[in-house]
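In this text, residue positions in the sequence shown follow my numbering: the first is 7, and each later residue adds one. The next block holds one structure in the form of structure tokens; read it before the comments.
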Amino acid sequence: MKQIYFLSDAHLGSRAIEHKRTQERRLVNFLDGIKHKATAVYLMGDMFDFWYEFRMVVPKGYTRFLGKLSELTDIGVEVHYFIGNHDVWCGDYLTKECGVIMHREPLTVE
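Quick look at the structure:
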């Protein structure tokens, strides 16, 4: 049976997280472990920790995480991203580059 997964508040890029590469690796390993079981992954906001000054740029780093999102969508797993207050930079980058479905408003799923 396929499953749906929910993740939130990883805050990749936060100055408060001491071992950034380790945090990203754990997140990527988790996603790798569920890729053949999942029908959908819902990222419920604040996966990154970048504020308003990054409105028109894509923050550097976290290519492994972004690559894993691309891999998931490439194999047919729906990846939904709900914009959090730290995610204003996203624009359409994740949709165009990674195939992620972006949500800026609440969504009801049945």
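We put the beta carbon where it would ideally sit given N, CA and C, even for glycine.
Throw me the rounded Cβ distance for the Ser130 and Gly51 pair, which I believe falls under 8 Å. Here the chain covers residues 7 to 116 and nothing more, so residue 130 does not appear.
Give me the Cα-Cα distance between Leu78 and Tyr48, rounded to the nearest whole angstrom.
Leu78 and Tyr48: Cα-Cα distance of roughly 12 Å.
Exercise. DSSP beta-bridge partners for Ile89?
Worked result: Ile89 is not bridged to any residue.
message = I need the DSSP call for Ile81, collapsed to helix, strand or coil.
response = coil
Exercise for review: Check whether the Cβ atoms of Gly19 and Phe71 sit closer than 8 Å, and answer yes or no.
Suggested key: no
Just how far apart, CA to CA, sit Arg27 and Val34? For Arg27 and Val34, the gap between their C-alpha atoms comes out near 10 Å.
What separation, rounded to the nearest whole angstrom, lies between the Cα atoms of His42 and Val83?
9 Å
task: Report the three-state DSSP secondary structure of Tyr48 (helix, strand or coil).
output: Assigned with DSSP and collapsed to three states, Tyr48 falls in strand.
### Query
Is any heavy atom of the ligand SAM found at a distance shorter than 7 Å from the C-beta of Phe54?
Among the components of this structure there are no ligands whatsoever, and the ligand SAM is therefore not found.
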